[in-house]
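Using our numbering, you'd call the opening residue of the sequence shown number 19 and step up by one each time.
Backbone N, C-alpha and C fix where the C-beta goes; we use that ideal spot for every residue, glycine too.
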Amino acid sequence: MKVDLHLHTYYSDGVYSPTQVVMKAKENGLDVISIVDHDTTNGLEEAIEAGKELGVEVIPGIELSSNINGTDIHILGYFIDWKNENFQVYLRIFRELRIQRAKRIVEKLNALNIPVEFESVVEIAKDSIISRVHIATALVKQGFVNDFYEAFNKYLGVGCPAYEKNIDLSPRKAIRLISEVGGLSFIAHPGKLISEIDLANLIELGIDGIEVIHPSHDEELIRYYRSIANEYFLLESGGSDFHGGVRNDEHNIGNYTVPYKFVKMMKQRLNLK
Ligand code: AMP
Ligand code: MN
Ligand code: MN
Ligand code: MN
Numbered sequence: 019m020k021v022d023l024h025l026h027t028y029y030s031d032g033v034y035s036p037t038q039v040v041m042k043a044k045e046n047g048l049d050v051i052s053i054v055d056h057d058t059t060n061g062l063e064e065a066i067e068a069g070k071e072l073g074v075e076v077i078p079g080i081e082l083s084s085n086i087n088g089t090d091i092h093i094l095g096y097f098i099d100w101k102n103e104n105f106q107v108y109l110r111i112f113r114e115l116r117i118q119r120a121k122r123i124v125e126k127l128n129a130l131n132i133p134v135e136f137e138s139v140v141e142i143a144k145d146s147i148i149s150r151v152h153i154a155t156a157l158v159k160q161g162f163v164n165d166f167y168e169a170f171n172k173y174l175g176v177g178c179p180a181y182e183k184n185i186d187l188s189p190r191k192a193i194r195l196i197s198e199v200g201g202l203s204f205i206a207h208p209g210k211l212i213s214e215i216d217l218a219n220l221i222e223l224g225i226d227g228i229e230v231i232h233p234s235h236d237e238e239l240i241r242y243y244r245s246i247a248n249e250y251f252l253l254e255s256g257g258s259d260f261h262g263g264v265r266n267d268e269h270n271i272g273n274y275t276v277p278y279k280f281v282k283m284m285k286q287r288l289n290l291k
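Structure (structure tokens):
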């Protein structure tokens, strides 16, 4: 059984519809997947339906944006009761805060003599949760940068002149939101973002697991995070973080998988069958 617990759709910063993502999963031999769009669950219903059609188990998930002292900390939630009204109230607030942040980023870009318009970003994002990826795409399309990565390295990344931090949600609150809707919380791609101290804090806060398998983790990091998971009785997860489109990550889907045992252990912890 092949399992990929980290996939995005066009409801956040991916380029494919939930149905297309499930089809790609199937084509690449995946039996179980999770859709974990950033701060939205809008793709889940369609993904679960498509999964039923195609014989792919779709675990409802989310990737919440939080931060500690300005460092992005992404928290994955699995098996969430995403239709919970209180949870959706929070997601609506996050959506609005992201719109305001995108406007601030565009203003900063304009001040740097890059006349990108907010409307052109919205045209790209459509109904998705708006993100830096949409702004980067607008910058590429309008020829202000040569490629997607230049947009981040020159303008949008941490420490760059048009950087604006995302939603000011603490990891503590993110973990609580996930547990309030019956889900399990995991530290996303710790190798990419997280210091030892932040990792220790997240464990102290009661995180349920660590994303061990991720394209940004080499063998050594995988071994390291696996040992931390074992030491603190944490669950393990992993996946491709597939988005599609301008980042050329098509080859990742199907190539970053975890054993079904990881899903079984999650279900055991939640008393699910
Ligand atoms: P946001 O959620 O708006 O802060 O945007 C974060 C998303 O942008 C991440 O989920 C990645 O998909 C992408 N991203 C962040 N940093 C970079 C980077 N340095 N290069 C390419 N993509 C990035
Ligand atoms: Mn993303
Ligand atoms: Mn992430
Ligand atoms: Mn992701």
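Not one heavy atom of ligand 4 is found less than 7 Å from the C-beta of Ala65. The beta-bridge partner set that DSSP reports for His92 consists of Ser83. Assigned with DSSP and collapsed to three states, Ser149 falls in coil, not helix or strand. A distance criterion of 7 Å places the beta-carbon of Asp90 beyond contact range of ligand 2, judged by its closest non-hydrogen atom. Between the segment 191-204 and the segment 97-113, the count of C-beta pairs closer than 8 Å reaches three or more; the two stretches touch. The beta carbon of Ser234 sits closer than 7 Å to the beta carbons of His207, Gly209 and Lys210 from its chain, once the five residues preceding and following it are set aside; these are given in chain order.
For the 8 Å CB-CB criterion, Leu127 and Ala180 form a contact. Across the structure, Asn171 and Leu290 are spaced so that their CA atoms are roughly 43 Å apart.
Taking all protein chains shown into account, Phe251 has fewer than 16 neighbouring C-beta atoms within 10 Å of its C-beta and is therefore exposed.
In its chain, beyond the 5 residues on either side, Ile86 and Pro189 have a beta carbon closer than 8 Å to the beta carbon of Asn219. Put simply, the residues with a CB less than 7 Å from any heavy atom of ligand 2 are His26, Ser30, Asp31, His56, Ser149, Val151 and His261, in chain order. Ser234 has its Cβ no nearer than 7 Å to any heavy atom of ligand 1. Selection Leu115, Arg241, Glu229 and Leu239 evaluated against Asp259 yields Glu229 as nearest (Cα-Cα). Beta-bridge partners assigned by DSSP to Pro78: Ile53.
Not one heavy atom of ligand 4 falls within 7 Å of the beta-carbon of Glu237. Per DSSP, reduced to three states, the secondary structure at Ser255 is strand. About 20 Å separates the CB atoms of Gly79 and Ile111; that is not less than 8 Å, and the two are not in contact.
According to the DSSP assignment, Ile221 belongs to no beta strand (DSSP E) but to the alpha helix (DSSP H) extending over Glu214 to Glu222. Contact check for Glu75 and Leu94: beta-carbon distance about 17 Å, past the 8 Å limit, so the pair fails to qualify. Closest in alpha carbon position to Asn104, among Glu222, Glu67, Leu195 and Gly257, is Leu195.
For Glu64, the enclosing alpha helix (DSSP H) starts and ends at Leu62 to Leu72.
Contact between Val124 and Phe162 does not hold, since their C-beta atoms are separated by about 12 Å, which reaches or exceeds 8 Å. Judged by pairs of C-beta atoms under 8 Å, the segment 31-44 touches the segment 62-72, as three or more such pairs exist.
Annotated three-state conformation of Gly227 is strand, per DSSP.
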